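Participant:
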Amino acid sequence: MKKLVVTSVLVFFIALTVALFSAHRWLTFINVSFLLAQPLIIIGGLRFIYERGFFDVTIASFKRLFRSPVERYYAQDEHDDETKTQWGAPFFFAGLLVTFMTLILSYVY
């Protein structure tokens with residue numbers, strides 16, 4: 003939750019900084035916030051799907067297919083590393099939050 007708030011505030015701060023140097027401050031703030039949120043949604047969403055294991059079956063099949071017989075013997079001892087940091091969800095949900103906020107602000111504007 004902390005990463006989500008920090009990322010959202012950072013996006014709004016960058017958009018506010020850019021908007022201060024433009025003629026149409028409010029509109030520029032909304033547009034820049036929206037444009038900064040879109041890569042967060044795309045990259046965070048793809049990473050979120052990957053972290054949840056959606057492609058694990060496909061990846062395991064390709065590893066098994068292209069493995070040599072010696073590697074098959076040693077592969078039985080492999081274990082997944084569960085200590086990986088997951089950063090896809092905070093980016094994805096921060097992007098969604100900023101997008102919905104900019105949609106609401108654009109209707110108010």
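Quick note on the numbering used here: the sequence shown kicks off at 3 and runs consecutively.
No residue lacks a Cβ here, since even glycine has one placed at the ideal position from N, Cα and C.
All figures in this text were calculated on a predicted structure; none of them were measured in a lab.
#1: Figure out for me which residue from S108, F94, L18 has the closest Cα to the Cα of I45.
#2: Given a threshold of 16 other Cβ atoms within 10 Å of its Cβ, counted over all protein chains shown, does G97 qualify as buried or as exposed?
#3: Sort Q88, F50, F36 by Cα distance to L107 and report the nearest one.
#4: At which residues does the alpha helix (DSSP H) containing F95 begin and terminate?
#5: Kindly indicate the opening and closing residues of the alpha helix (DSSP H) around F57.
#6: Going by DSSP, what residue range makes up the alpha helix (DSSP H) through S10?
Facilitator: In this structure, then:
#1: The residue labelled residue 45 in the question sits at position 43 within the sequence shown. Nearest option by C-alpha distance: F94.
#2: Taking the sequence shown and counting its residues from 1, one reaches residue 97 at position 95. Buried, by the Cβ-count rule.
#3: Your numbering for residue 107 matches position 105 in the sequence shown. Of the candidates Q88, F50, F36, the one whose C-alpha sits nearest the C-alpha of L107 is F36.
#4: Mapped onto the sequence shown, residue 95 falls at position 93. That run of the alpha helix (DSSP H) goes 90-110.
#5: For this step, residue 57 is matched to residue 55 along the sequence shown. Premise fails: F57 is in no alpha helix (DSSP H) and is neither H nor E.
#6: Reading the sequence shown from its first residue, position 8 is the one you call residue 10. Start and end: 4-21.
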